[in-house]
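So the sequences go chain by chain: A and B.
0 is the number of the first residue of the first sequence in numbering that gives the first Met the number 0; add one for each residue after it.
0 is the number of the first residue of the second sequence in numbering that gives the first Met the number 0; add one for each residue after it.
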Amino acid sequence: MQTAKREIAVSMTGISKRFGPVRALEDANLEIARGSILGLVGQNGAGKSTIIKVLAGIIKPDSGSIVINGETASTLTPASVEKLGVHFIHQDRLLVPTATVGEAVFLGHEIGLGPFVSRRAMERKAADLLKRFFGMELPAGTLVKDLTTAQQKVVQITRALAQKASVLVLDEPTAALVKREVDSLFDVLRRLRDDGIAVVFISHYMQEIEKLCDRVTVMRNGTDVGTVDPRVTPIDEIISMMIARDVGEMFPKRAVELGAPVLEVSNLRLGGSFENIGFNVRAGEIVGLTGLLGSGAKEIVQCLFGLKTADGGQVRVEGRELSLSTPVKAVRDGIAMLPEDRRAHGVALGLSVRENISLASLRRYSRTGMVSRSSENQAVDGLIKELSIKTPHRDALVRELSGGNQQKVAIAKWLSCQSRVYVLDEPTVAVDVGAKVEIYNLLNRLAGEGAAILLLSSDLLELVGVCDRVLVVYRGRLAGSFSGPAMNSDALLAASSGARSNADGVAA
Amino acid sequence: MSVSANDNNTKASLRGFLAKYSVLIAFAAIVIFFAVASPTFLTPANLFNVLVNNVVMLAIVALGLTIVISSGGIDLSVGVSVDMASMIFVMLLAAGYSGVVGVAGGLGAALIVGILNAILITRLNISPFLATLGVLFIGQSTQQLATSGGQPIYLTSGYAADQFNAIARTALFGMPTPVIVLIVLAVAVHLLLHRSVFGRYVQAMGAQPGVAWYSGIRVPRELSMVHVLCALLSGVTGILLSATVKSYVPLSGNAFLLDAIGATFIGTTLSRERKPSVIGTLLGVLLLAIVKNGLLLVGWNFYWQQVGIGVLVFLVLAASFGLRRAAH
Chain A
0 MQTAKREIAV SMTGISKRFG PVRALEDANL EIARGSILGL VGQNGAGKST
50 IIKVLAGIIK PDSGSIVING ETASTLTPAS VEKLGVHFIH QDRLLVPTAT
100 VGEAVFLGHE IGLGPFVSRR AMERKAADLL KRFFGMELPA GTLVKDLTTA
150 QQKVVQITRA LAQKASVLVL DEPTAALVKR EVDSLFDVLR RLRDDGIAVV
200 FISHYMQEIE KLCDRVTVMR NGTDVGTVDP RVTPIDEIIS MMIARDVGEM
250 FPKRAVELGA PVLEVSNLRL GGSFENIGFN VRAGEIVGLT GLLGSGAKEI
300 VQCLFGLKTA DGGQVRVEGR ELSLSTPVKA VRDGIAMLPE DRRAHGVALG
350 LSVRENISLA SLRRYSRTGM VSRSSENQAV DGLIKELSIK TPHRDALVRE
400 LSGGNQQKVA IAKWLSCQSR VYVLDEPTVA VDVGAKVEIY NLLNRLAGEG
450 AAILLLSSDL LELVGVCDRV LVVYRGRLAG SFSGPAMNSD ALLAASSGAR
500 SNADGVAA
Chain B
0 MSVSANDNNT KASLRGFLAK YSVLIAFAAI VIFFAVASPT FLTPANLFNV
50 LVNNVVMLAI VALGLTIVIS SGGIDLSVGV SVDMASMIFV MLLAAGYSGV
100 VGVAGGLGAA LIVGILNAIL ITRLNISPFL ATLGVLFIGQ STQQLATSGG
150 QPIYLTSGYA ADQFNAIART ALFGMPTPVI VLIVLAVAVH LLLHRSVFGR
200 YVQAMGAQPG VAWYSGIRVP RELSMVHVLC ALLSGVTGIL LSATVKSYVP
250 LSGNAFLLDA IGATFIGTTL SRERKPSVIG TLLGVLLLAI VKNGLLLVGW
300 NFYWQQVGIG VLVFLVLAAS FGLRRAAH
């Protein structure tokens, strides 16, 4: 039974899963060994989170087998998986904010007598565990919401360890952490590995993978394309495995002559979020904007579309000063927005492709308040063809389209408006690689036609590949503006976490 | 009839046919059933009666609710709009004012109800359900306070009153006047909801309010318009009601609420896209009216009529779902 070298904790073989027309997993395999840290990488939509959700019992696979600690698991549920010793630290903090640390550590496994829980006993034991595992002196009566993000991660890990976890899966655990916290988290994970626990580490940050992991499994298009040792295989090669082509092909380069500034932002300020923000986006320019969670980058974008009202500062589009208090005004003034939550804000799934595309520009296709179907159809058909939106016909519901095509419908809506400024908020999240490249091509074409594009993204690879210039926000201020050779993911990451600033000075 | 393998195709297409026309088939079945059960059901006099008394007024209220439900909301205060229009119309006529003043006053009263709903929903961000429920309570009490505890007001004489009653009871081009009013309003609401820019905005708000807001649609303004239109349409029913019965009976508008909601949702279920539509709503109203009238004619009393309507609604909807699934 027992192999001397690597003991396998979890073995998933031949996992397939379809969601309607979308192939999320196709014959995917994942092997997790004890006493080692396995990195799991892949583009958004490659199937990383789907295979993890299958293991977590959240998604039922169409086929494939899962063996956990030598036992074949037929039907997994979140509860049964935990009983088998597999624990998950999800990206979004799944802790009850108003619980104490003690309650959070023993959530679902409360200590007490019969129906009564003893909060004091739980808090005492939680404090013990925190001290024993992490040498951390944390009053266990503290409320979860008063902890830092890193402390919350530690509490989640402690909860897993209290349940005798043998496999620990962390989904993007460093996304909201600063560098120092990342380092101490890595120390914790290394200690756990040395204690024989199997750790799975999912991350977009290749530097972290290189630093921490013993092996890396690369996923692409719903399947695993290889497992390598990151200390032997260079990062560029791993990235090429992820995107199945050279990095250059993934991000089609273009030569666009930049025109006059279209979007001019100066002194923009929002209390508690950011201040003194100023930058320009010129016609034909793609400017990236990035920052960690809570850095204020997101809020800047929201202010530019009138979703939040800035406390001060000026926003000009083509020289005209705007008062951006609602999206109504932003749209009227030629600003287009591709929101991050596509299903809630980008496209109406229950409406047709036609109704979605014409929604923001109906006035153009109407006379005396009545929609002219012929001119609407003509415009919509043109855009479907232009963006090669894969839909059976213009009256198909957007719900029936793949994520990438839904995103193209959302873009078509603004093309139909002939907007001048495009603000994109994480436009390629949950979009497959093929559609991603199409969206990048689309951005290039928009820029080529003289639009000004502001791209908010946390995908550093994407920013470096697509943008002419990237602005980094750190703690509510512009921490740097990067272009040319200085624009690389190391520099962006460093600036985002406050380690370094100003490569070529903050743009005026 | 024997079933062989070759019949599979025919069976599938038959199921498809049944699914497509399930509403019409159900209608035909119900009409035939009552025609056989009661000799008076299919007489012109009875059909005229069904149309004028059971269909028109309910249908106009249901048109208003169709707009509101399309926008993703609800209006529980349609009965108040009916009553307020009816009350002011009758009070003005009783005080000797002309018909034009009466109609304007009645619609004005309904307009106030609509504006109140709109303010509560779009300015104070109260959910449509709770906002209109509150207006329903307030409206009912207001009527009782204004009529010393709910005394009806009768229009005994006066030129304007008689004229309106005459209009309500006469026919134009062979059609009863109220039916013509309904046809005009139904066509108008159909165009508004399914052909106009405003209608698109309403559908978008109903499908995904966030998307409407992110597309630059003035959601509060459009939503206010939705509630004002619903109240005005209900007000038209209030005026037709008073003109027909030459009186105002407090709280009589409430009878429309559940039937109008029911008709709209039946229409939604029967429509191919599962969205509220004017045609669907009119079918729903007709279905309810025919069943009510038919059960009355075959001798069921009021209470058993309600049971019968409930059961029939279930049967029609279940048949529609079943056939639809079979067609897939």
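All C-beta atoms, glycine included, are put in the ideal place defined by N, C-alpha and C.
Bear in mind that the values here come from a model prediction, so they are computed numbers and not experimental data.
Could one say the Cβ of residue i lies closer than 8 Å to chain B's Cβ atoms, at least one of them?
| i | result |
| --- | --- |
| residue 343/A | yes |
| residue 538/A | Residue 538/A falls outside the range modelled here, since chain A spans only 0 to 507, and no answer is possible. |
| residue 353/A | no |
| residue 346/A | yes |
| residue 365/A | yes |
| residue 330/A | yes |
| residue 359/A | yes |
| residue 368/A | yes |
| residue 260/A | no |
| residue 505/A | Any answer about residue 505/A is weak, because its pLDDT of 43 lies below 50 and its placement is not dependable; what the coordinates show is given next. Answer no: the Cβ-Cβ gap between residue 505/A and chain B never drops below 8 Å. |
| residue 327/A | yes |
| residue 510/A | No answer is possible for residue 510/A: it lies beyond the span of chain A, which begins at 0 and ends at 507. |
| residue 338/A | yes |
| residue 362/A | yes |
| residue 412/A | yes |
So that I know if they touch, is there some Cβ in chain A lying closer than 8 Å to that of residue i?
| i | result |
| --- | --- |
| residue 210/B | yes |
| residue 196/B | yes |
| residue 214/B | yes |
| residue 122/B | no |
| residue 203/B | yes |
In its own chain, which residues sit with a C-beta less than 6 Å from the C-beta of residue i, not counting the 5 before and 5 after it?
| i | result |
| --- | --- |
| residue 418/A | 333 and 335 |
| residue 236/B | 56, 59, 60 and 81 |
| residue 149/A | 176 and 180 |
Between residue i and the rest of its own chain, which residues show a CB-CB distance below 7 Å, the 5 nearest in sequence each way excluded?
| i | result |
| --- | --- |
| residue 275/A | 266, 268 and 476 |
| residue 487/A | 463 |
| residue 208/B | 71 and 218 |
| residue 449/A | 258, 282 and 283 |
| residue 192/A | 34, 35, 36 and 198 |
To the nearest whole angstrom, what separates the beta carbons of residue i and residue j, a pair I think is in contact under 8 Å?
| i | j | result |
| --- | --- | --- |
| residue 167/A | residue 201/A | Rounded, the Cβ-Cβ distance is 12 Å, inconsistent with contact. |
| residue 241/B | residue 85/B | 5 Å |
| residue 409/A | residue 345/A | 4 Å |
| residue 184/B | residue 62/B | 6 Å |
| residue 45/A | residue 219/A | 5 Å |
| residue 262/B | residue 243/B | In fact, because the Cβ distance is near 20 Å, the residues do not count as touching under 8 Å. |
| residue 130/A | residue 136/A | 7 Å |
| residue 469/A | residue 293/A | Going by Cβ atoms, the distance from residue 469/A to residue 293/A rounds to 19 Å, so no, they are not a contact pair. |
| residue 104/A | residue 158/A | 5 Å |
| residue 221/A | residue 22/A | 5 Å |
Which same chain residues, not among the five before or five after residue i, have their C-beta less than 8 Å away from its C-beta?
| i | result |
| --- | --- |
| residue 126/B | 120 |
| residue 322/A | 328 |
| residue 36/B | 293, 296 and 297 |
| residue 209/A | 229, 230 and 234 |
Return helix, strand or coil for residue i, following the three-state DSSP convention.
| i | result |
| --- | --- |
| residue 424/A | strand |
| residue 281/B | helix |
| residue 55/A | coil |
| residue 170/A | strand |
| residue 273/A | strand |
| residue 12/A | strand |
| residue 158/A | helix |
| residue 42/A | coil |
| residue 417/A | coil |
| residue 200/B | helix |
| residue 204/A | coil |
| residue 438/A | helix |
| residue 486/A | coil |
| residue 250/A | coil |
Is it the case that the CB of residue i approaches a heavy atom of the ligand NAD more closely than 7 Å?
| i | result |
| --- | --- |
| residue 130/B | Here there are no bound small molecules, and the ligand NAD is not part of this structure. |
To which residues does DSSP link residue i through a beta bridge?
| i | result |
| --- | --- |
| residue 223/A | 218/A |
| residue 86/A | 167/A |
| residue 31/A | 9/A |
| residue 153/B | 246/B |
| residue 480/A | 470/A |
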